[in-house]
Amino acid sequence: MGIWQTLGKLIQGKPVFEVSDQVKSSGPPVDTSTGHSHEPKLIPRLEISRVKTQLSGGTMAVWGFVHNSSPVSVRLDKMVMIGATRRLGNFLSPGETEQVELYRGVVPQSESYGRAELHFMQRDTGDYFCADFVIRYDYHADGHYLVESLDAYDYVRDV
Numbered sequence: 004m005g006i007w008q009t010l011g012k013l014i015q016g017k018p019v020f021e022v023s024d025q026v027k028s029s030g031p032p033v034d035t036s037t038g039h040s041h042e043p044k045l046i047p048r049l050e051i052s053r054v055k056t057q058l059s060g061g062t063m064a065v066w067g068f069v070h071n072s073s074p075v076s077v078r079l080d081k082m083v084m085i086g087a088t089r090r091l092g093n094f095l096s097p098g099e100t101e102q103v104e105l106y107r108g109v110v111p112q113s114e115s116y117g118r119a120e121l122h123f124m125q126r127d128t129g130d131y132f133c134a135d136f137v138i139r140y141d142y143h144a145d146g147h148y149l150v151e152s153l154d155a156y157d158y159v160r161d162v
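Residues in the sequence shown are numbered from 4 upward in steps of one, following the working numbering.
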């Protein structure tokens, strides 16, 4: 189509470009990079229970049972809490629970670190997610705050 035909259609208010019947397709769109149809993304859910804190001098270790309550396998990547990042690398199958050391570092002197992040990957798709947790502390008379529990927020972020 030449420039004059295009300008003529513009002046008449007609569409300049028309979709040919060959381009139209039926059915849901398909992501050609993976061959999967565009379905809602499954966001895995992880829970941390039975949190246990151990003191050794000025160092605190926090252990917890991580449960994969989703129908897909995940790989735990890292835990970020109390200003420190701990690499994990554990694999959890659907429904599996494993005890994991979540933190090892200084004993906090306040409750200023109120949130923890568990970063993980869905094993079959490679999608990364982050689950946020509220850190609940137990205050001790010596001025230290020990982690008592990690309570999950109602959401998981797709990162």
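We put the CB at the ideal spot given by N, CA and C, even for glycine.
Residue of 144, 123, 141, 57 minimising C-alpha distance to residue 133
123
Decide if residue 158 is buried, meaning its Cβ has at least 16 other Cβ atoms within 10 Å, or exposed.
exposed
Per DSSP, which one or two residues make a beta bridge with residue 156?
DSSP, once it has assigned bridges, lists no residue as partnering residue 156.
On the premise that residue 148 lies in contact with residue 113, defined as a C-beta separation below 8 Å, what is that separation, rounded to the nearest angstrom?
6 Å
If you follow the beta strand (DSSP E) that residue 12 is in, where does it begin and where does it stop?
Taken as a continuous stretch (DSSP letters only), residue 12 belongs to no beta strand (DSSP E), being part of the alpha helix (DSSP H) at 6–15.
Using DSSP with H/G/I as helix, E/B as strand and the rest coil, what is residue 131?
strand
Output the distance between the C-alpha atoms of residue 57 and residue 63, rounded to the nearest integer angstrom.
6 Å
Answer yes or no: do residue 101 and residue 69 have a C-beta to C-beta separation smaller than 7 Å?
yes
Under the criterion of a Cβ to heavy atom distance below 6 Å, does residue 134 qualify as lining the ligand HEM?
This structure lacks the ligand HEM, and indeed carries no ligand of any kind.
Strictly by DSSP, which residues pair up with residue 142?
148
Closest by CA to residue 150, which one among 94, 52, 127, 45?
52
Can you tell me whether residue 77 is buried or exposed, with buried defined as 16 or more other CB within 10 angstroms of its CB?
buried
Between residue 103 and residue 67, which are expected to be in contact by the criterion C-beta below 8 Å, what is the C-beta distance as a whole number of angstroms?
6 Å
Go ahead and pull the three-state DSSP assignment for residue 19.
coil
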